[in-house]
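So the structure is just underneath, and the comments pick up after that.
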Amino acid sequence: MSGDFILEARNLDFDYRKPIVRDISFGLRPGTFTGIVGPNGCGKTTVLRLLDGIIRPLAGEVLVDGGRPLSRMRRREIARLIAMVPQNGGLDPYQTVLQFAMLGRAPYLSRFGFENQKDEAVTLEALEMTQMTRYLHARVTEISGGEKQRLLLARALAQRTPILLLDEVTANLDINYQVELMRLVRRITREQNLATLVVSHEINILGAFCDRIILMSGGRIRFQGSVGETLTREHLKQIFGLDFSIRRLPGAGVEVLPVIHEETSHVSE
Amino acid sequence: MVSLVLAGVWALAVILSLNIGSVPIPVRTSLGLLADRLAGVSSGDPLEAVLFSVRLPRVLLGSLVGAALAAAGTAFQSLLRNPLADPYVLGVSTGASLGTIIYSIVIAGTGFATMGGGLAFGRPLAAFLGAAFTVGAVYLTASGGRKAADNSQRLLLAGIVLASFLSSINVFLLTSINQADLRGIFYWLIGDLSRQVDASIYPVTALVFAGVGILYIFSHSLNLIATGEEDALILGVEVKRVKTAVYIIASLITGAVVSISGPIAYIGLICPHMGRMLFGSDNRILIPTVFLFGAIFTLLADTLARTILSPAELPVGIVTALCGAPLFIYLLHRKGRDK
Numbered sequence: 206m207s208g209d210f211i212l213e214a215r216n217l218d219f220d221y222r223k224p225i226v227r228d229i230s231f232g233l234r235p236g237t238f239t240g241i242v243g244p245n246g247c248g249k250t251t252v253l254r255l256l257d258g259i260i261r262p263l264a265g266e267v268l269v270d271g272g273r274p275l276s277r278m279r280r281r282e283i284a285r286l287i288a289m290v291p292q293n294g295g296l297d298p299y300q301t302v303l304q305f306a307m308l309g310r311a312p313y314l315s316r317f318g319f320e321n322q323k324d325e326a327v328t329l330e331a332l333e334m335t336q337m338t339r340y341l342h343a344r345v346t347e348i349s350g351g352e353k354q355r356l357l358l359a360r361a362l363a364q365r366t367p368i369l370l371l372d373e374v375t376a377n378l379d380i381n382y383q384v385e386l387m388r389l390v391r392r393i394t395r396e397q398n399l400a401t402l403v404v405s406h407e408i409n410i411l412g413a414f415c416d417r418i419i420l421m422s423g424g425r426i427r428f429q430g431s432v433g434e435t436l437t438r439e440h441l442k443q444i445f446g447l448d449f450s451i452r453r454l455p456g457a458g459v460e461v462l463p464v465i466h467e468e469t470s471h472v473s474e
Numbered sequence: 002m003v004s005l006v007l008a009g010v011w012a013l014a015v016i017l018s019l020n021i022g023s024v025p026i027p028v029r030t031s032l033g034l035l036a037d038r039l040a041g042v043s044s045g046d047p048l049e050a051v052l053f054s055v056r057l058p059r060v061l062l063g064s065l066v067g068a069a070l071a072a073a074g075t076a077f078q079s080l081l082r083n084p085l086a087d088p089y090v091l092g093v094s095t096g097a098s099l100g101t102i103i104y105s106i107v108i109a110g111t112g113f114a115t116m117g118g119g120l121a122f123g124r125p126l127a128a129f130l131g132a133a134f135t136v137g138a139v140y141l142t143a144s145g146g147r148k149a150a151d152n153s154q155r156l157l158l159a160g161i162v163l164a165s166f167l168s169s170i171n172v173f174l175l176t177s178i179n180q181a182d183l184r185g186i187f188y189w190l191i192g193d194l195s196r197q198v199d200a201s202i203y204p205v206t207a208l209v210f211a212g213v214g215i216l217y218i219f220s221h222s223l224n225l226i227a228t229g230e231e232d233a234l235i236l237g238v239e240v241k242r243v244k245t246a247v248y249i250i251a252s253l254i255t256g257a258v259v260s261i262s263g264p265i266a267y268i269g270l271i272c273p274h275m276g277r278m279l280f281g282s283d284n285r286i287l288i289p290t291v292f293l294f295g296a297i298f299t300l301l302a303d304t305l306a307r308t309i310l311s312p313a314e315l316p317v318g319i320v321t322a323l324c325g326a327p328l329f330i331y332l333l334h335r336k337g338r339d340k
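Protein chains in written order, with our numbering: chain Y, 206 to 474; chain L, 2 to 340.
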């Protein structure tokens, strides 16, 4: 693989517990929005956790920032390079929105340190990018599900990392919030020149917003490339066992819709 | 800032507690005697003996013990992400008392009233081992053989069960000691500050201050762990290392003070709770303030305990348990409602 990747997975294997993943290799470039998609239990989230070093691969390695192995870096250093929005991010009920987002500055604080003005400015900027400034002093328990996801995204952005990983961030959100969030992530990816990777099973959402797609099933990468190359009827049939209708959108995206024959016949009754 | 105000409150509480007792010492007298002592003169006042050999040591001991237990409670609560975790509820205090009793009765064979010599170091050490053993056992019991004991409810349950198991061993061991020792040990098991203090106070004091200092260094990491271990990893915390260190230090502090005062109940629950209500959950603020809260609260509780039925004295543990148990029930109720 070429050297212009900011994050690169090389032949990752993981099988301490299920789901196992095998021979995962791909790279992320700055300014590119990549999506990993596949059926439940295919190992998407495991791949994401491997990339952030939360779990260690049995074989293979993750290289960051011009070829440095992730396994030899301290957590603090990793947290300055890779930000992640976890699937079930915890919220401390005593905290305000601003305090919670400020946790993203932790990798930059000194031992006895409190956040300084710069930390606060960076955090406010992140909250502004995610349109959360109007809730600054609200308790984290008082905001909605969609706002919670934006808050977790703001915390990740406050880390000021070149790499952003998102795990099923649109899960449990209404469709309008899903679209809003993905639009936001794509815009920030462009503006901040981030290497962004999102994991999701919402294939239609990823098809509409991502630049590149990695299709996984059974713990392996089956196809990867541009959205147009990967999201084809043949590929999706192989992975999901369903027929899909695929329509090219203006720009690079595609609209993917499953064709559900039985339901159609019910409607026509 | 807040810490300075609280330190002032603590000083006031000290002066108040010095004055109240079966022999009242007026404020002016005690301050005068303190000034004399600092200046190196002796006034020959009979109250001097009461002040310096009985009341002042007890007031300082109460502060130290309370501060230590409150800080340990704060640490355990962040670590286990559960506001109900406290050295007493988790069984750590009971484990420490078992360690002390085993050492005093079985290993040293001196019984409980004897003080000084090797006991000064042996007792705190044994208490720490007891505390550390209990933390390990609670953790293993809660994890049920699986790898991670992440479920903090299970952890608490395991703590409560182990505490009752360990206290039955305590009582079993006590059947072997003589009557004279029994009353003292009975009070001590409830948590008592009236016993005389030997040289063990020096290592214990050093340990408490050093330990709380180190806990403070980890305070922001604990904030992050409190939101979730995976979140903490993502935000750059070496979670395993911090958890191990904090477990050991909190057990060490608990063991150290329990070896002197016995397992005083619920201080580690009440004080962090008050702190969080007043100042929020940031451990960088909470740990120093709760440290002082613990000192103030325990001091006042002990003053109450030794005066309410004067001239008879109650063990301080009774007062703290009377305050703490209702609070525990309230927190449990609220936690259930939140879900």
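Each residue gets a CB set at the ideal place from its N, CA and C atoms; glycine is no exception.
Asked, Found
"Taking G1 (chain L) and L163 (chain L) to be in contact with their CB atoms under 8 angstroms, please state how far apart those CB atoms are, rounded to whole angstroms.", "Lying before the first or after the last residue shown, residue 1 (chain L) is absent from chain L, which here runs from 2 to 340."
"Can you tell me which of the three DSSP states N224 (chain L) falls into?", "helix"
"So, does the CB of A71 (chain L) fall closer than 7 angstroms to a CB anywhere in chain Y?", "no"
"With 16 other CB atoms within 10 Å as the buried threshold, where does V472 (chain Y) fall?", "Confidence at V472 (chain Y) is low in this model, with a pLDDT of 47, below 50, so the placement of that residue is unreliable and no value is reported for it."
"Cβ of G294 (chain Y) within 7 angstroms of Cβ of D193 (chain L)?", "no"
"Does M278 (chain Y) get closer than 7 angstroms to chain L when you measure Cβ to Cβ?", "no"
"Looking at A73 (chain L): is its Cβ nearer than 7 angstroms to the Cβ of F292 (chain L)?", "no"
"Let me know the secondary structure DSSP gives Q197 (chain L) once reduced to three states.", "coil"
"Give the single residue among Y:T394, Y:H406, Y:A361 and Y:R395 whose Cα lies nearest to the Cα of N377 (chain Y).", "Y:H406"
"Under 7 angstroms Cβ to Cβ from K442 (chain Y), same chain only, skipping five residues before and after it: list those, please.", "D448"
"If the criterion is Cβ atoms closer than 7 angstroms, does the pair R281 (chain Y) and G237 (chain L) meet it?", "yes"
"Can you name the residues of chain Y whose CB is closer than 9 angstroms to the CB of I218 (chain L)?", "R316 and F317"
"By how many angstroms is the C-alpha of T206 (chain L) removed from the C-alpha of P58 (chain L)?", "13 angstroms"
"Just confirm the distance between the C-beta atoms of A363 (chain Y) and M307 (chain Y), as a whole number of angstroms; I'd bet it's less than 8 angstroms.", "7 angstroms"
"Do the segment 239-249 of chain L and the segment 298-316 of chain L meet, that is, are 3 or more Cβ pairs less than 8 angstroms apart?", "no"
"Can a CB atom of chain L be found closer than 7 angstroms to the CB of R222 (chain Y)?", "no"
"Are the Cβ atoms of C247 (chain Y) and S431 (chain Y) separated by less than 7 angstroms?", "no"
"With a cut-off of 7 angstroms, does the C-beta of A150 (chain L) fall near any C-beta of chain Y?", "Residue placement at A150 (chain L) cannot be trusted, given a pLDDT of 49 that sits under 50; what the coordinates show is reported in the next sentence. Answer no: the Cβ-Cβ gap between A150 (chain L) and chain Y never drops below 7 angstroms."
"So for D303 (chain L), helix, strand or coil by DSSP?", "helix"
"If you draw a straight line from the alpha carbon of I225 (chain Y) to that of F317 (chain Y), how long is it in whole angstroms?", "41 angstroms"
"Residue ranges of each beta strand (DSSP E) run of no fewer than 3 residues wholly in the segment 323-394 of chain Y, ordered along the chain?", "368-372"
"Does any residue of chain L have a CB that is nearer than 7 angstroms to the CB of A400 (chain Y)?", "no"
"Measure from the alpha carbon of C415 (chain Y) to the alpha carbon of each residue in Y:I348, Y:I393, Y:Q304 and Y:L296, then state which is nearest.", "Y:I393"
"Of all the CB atoms in chain L, is at least one closer than 7 angstroms to the CB of D297 (chain Y)?", "yes"
"Closer than 7 angstroms, CB to CB, is V66 (chain L) near chain Y or not?", "no"
"Could you say which of Y:R365, Y:T301 and Y:G240 lies nearest to G458 (chain Y) if we only look at CA atoms?", "Y:G240"
"On the criterion of 16 or more Cβ atoms from any shown chain inside 10 Å, does R273 (chain Y) qualify as buried, or is it exposed?", "exposed"
"Threshold first: 4 residues or longer. Then list the alpha helix (DSSP H) segments lying entirely within the segment 116-195 of chain L, N to C.", "120-144, 153-175 and 180-191"
"Here's a check: name, in chain order, each residue in its chain whose Cβ is nearer than 6 angstroms to the Cβ of A86 (chain L), leaving out the five neighbours to either side.", "F77 and Q78"
"Looking only at DSSP bridge pairs, what is T237 (chain Y) linked to?", "Y:A400"
"So what's V238 (chain L) in DSSP terms, helix, strand or just coil?", "coil"
"Alpha carbon to alpha carbon, what distance is there between N321 (chain Y) and Q304 (chain Y)?", "13 angstroms"
"Along chain Y, in chain order, which residues have C-beta atoms closer than 8 angstroms to that of L225 (chain L)?", "L308 and A311"
"For L1 (chain L), does the count of other Cβ atoms within 10 angstroms reach 16, so buried, or fall short, so exposed?", "Residue 1 (chain L) lies beyond the residue range present for chain L, which begins at 2 and ends at 340; the question has no answer from this structure."
"Using a Cβ-Cβ distance under 7 angstroms, would D199 (chain L) count as near chain Y?", "no"
"Please classify T255 (chain L): is it buried, with 16 or more other beta-carbons within 10 angstroms of its beta-carbon, or exposed?", "buried"
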